[in-house]
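In our numbering, the protein residues as written are -7 to 236.
A virtual CB, placed ideally from N, CA and C, is assigned to each residue, including glycine.
Being a predicted model, the structure only gives us computed values, none of them experimental.
Notes for the one structure printed next.
What follows is the structure, encoded as structure tokens:
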């Protein structure tokens, strides 16, 4: 929404405040954070919080399954997920990876960075129906769902999961051996007292983009100043304090 905030005037242009404070943005923030908090050269926001996503995995489960390294490509992810899955009747004792959307952080926007893609074309219109990367991702996800037992079976199992933010998260309990998640997962898993060694790796990438392995997905919370604010200088001091 940064584009809308900047172009509509919903957020005040921060350039005068930044220049007056002599805040060096390039030395304060990574370039990627500066890129998504401005629109067409207008700086209307600063990054307040940034989340970095990756693949969290159960090293003990990997060792038991004879897997020596985390997957680097999406086909490897599918193979490893299958090897890690332990069935129990019509359900699972352990699922290698929960591929269904709404599997907590397993959502479209977090899957897509594994494929080179563009949500919008040069005219600002949706590119989802035209960019083949989206069809590849959805096709991959559907095949992964089918290979791990099908949507209904997976959804039934997902119904046994604990809260995403609680100690009974399925990764903590060993119900799921790999989890696409944000940087908070490691600390939460350790606080929950898991009885296995935790591994962390970049998310796998599309097979035909294997040389891009190591890239990641970032999402963030931004902060700005309302143009109607009667205390903009004080608001800027707060923004500067909270971000730098």
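- What is the C-beta distance between residue 51 and residue 190, in whole angstroms, given that I count them as a contact (C-beta under 8 Å)? About 7 Å separates the two Cβ atoms, so the contact holds.
- Task: Tell me residue 50's beta-bridge partners as DSSP assigns them.
- Result: Its beta-bridge partners are 190.
- Item | Those residues which DSSP pairs with residue 9 across a bridge | The partner list for residue 9 (beta bridge, DSSP) is empty, contrary to what the question assumes.
- Task: Measure the beta-carbon distance from residue 4 to residue 212 and round it to whole angstroms, keeping in mind my assumption that it falls under 8 Å.
- Result: Not confirmed; about 19 Å, so no contact.
- Task: Measure the C-alpha to C-alpha separation of residue 40 and residue 155 and round it to an integer number of angstroms.
- Result: Each residue's alpha carbon lies about 26 Å from the other.
- Considering residue 234, what are the terminal residues of the alpha helix (DSSP H) in which it resides? Counting along the chain, the alpha helix (DSSP H) containing residue 234 begins and ends at 224 to 235.
- How should residue 138 be labelled, buried or exposed, when 16 other C-beta atoms within 10 angstroms of its C-beta is the threshold for buried? Label assigned to residue 138: exposed.
- Message: Quick check on the burial criterion: 16 or more other C-beta atoms within 10 angstroms. Buried or exposed for residue 143?
- Response: By the neighbour-count definition (other C-beta atoms within 10 Å, threshold 16), residue 143 is an exposed residue.
- Task: Look at the alpha carbon of residue 106 and the alpha carbon of residue 182, and state the distance between them as a whole number of angstroms.
- Result: Distance between the alpha carbons of residue 106 and residue 182 is about 27 Å.
- For residue 170: DSSP bridge partner residues: According to DSSP, which records beta bridges pairwise, residue 170 is partnered with 49, 89.
- Task: Assign residue 123 to one of two classes, buried (16 or more other C-beta atoms within 10 Å of its C-beta) or exposed (fewer than that).
- Result: Buried is the call here.
- Query: From 0, 194, 29, -5, pick the residue whose C-alpha is nearest to that of residue 237; which is it?
  - Reply: Since the first and last residues shown for the chain are -7 and 236, residue 237 lies out of range.
- Going straight from the alpha carbon of residue 63 to that of residue 82, what length do you get? Residue 63 and residue 82 have their C-alpha atoms roughly 27 Å apart.
- Task: Taking 8 Å as the threshold, find out whether the stretch 18 to 36 comes into contact with the stretch 146 to 160 through three or more Cβ pairs.
- Result: Verdict: no, contact absent.
- Item | Beta-carbon gap between residue 172 and residue 70 smaller than 7 Å | No Cβ-Cβ contact shorter than 7 Å links residue 172 with residue 70.
- If we count the other Cβ atoms within 10 Å of its Cβ and call it buried at 16 or more, is residue 94 buried or exposed? So residue 94 counts as exposed.
- Message: Taking the beta carbon of residue 196 as the centre, do at least 16 other beta carbons fall within 10 Å, making it buried, or is it exposed?
- Response: The residue is buried, with at least 16 neighbouring Cβ atoms inside 10 Å.
- What residues in its chain sit with their C-beta under 6 Å from that of residue 76, if we drop five residues either side in the sequence? Within the same chain, residue 76 has close Cβ partners 53, 57, 88, 169.
- Identity of the residue in 225, 33, 174 nearest residue 101 by Cα: Among 225, 33, 174, the Cα nearest to that of residue 101 belongs to 174.
- By the 10 Å Cβ neighbour count, where 16 or more other Cβ atoms means buried, how is residue 86 classified, buried or exposed? By the neighbour-count rule (16 or more Cβ atoms within 10 Å), residue 86 is buried.
- Per DSSP, residue 212 is paired with what? 42, per the DSSP bridge assignment.
- Task: Look at the alpha carbon of residue 179 and the alpha carbon of residue 115, and state the distance between them as a whole number of angstroms.
- Result: Across the structure, residue 179 and residue 115 are spaced so that their CA atoms are roughly 42 Å apart.
- Task: Look at the Cβ atom of residue 202, then the Cβ atom of residue 60, and state whether they are nearer than 7 Å.
- Result: In this structure, residue 202 keeps its C-beta atom at 7 Å or more from the C-beta atom of residue 60.
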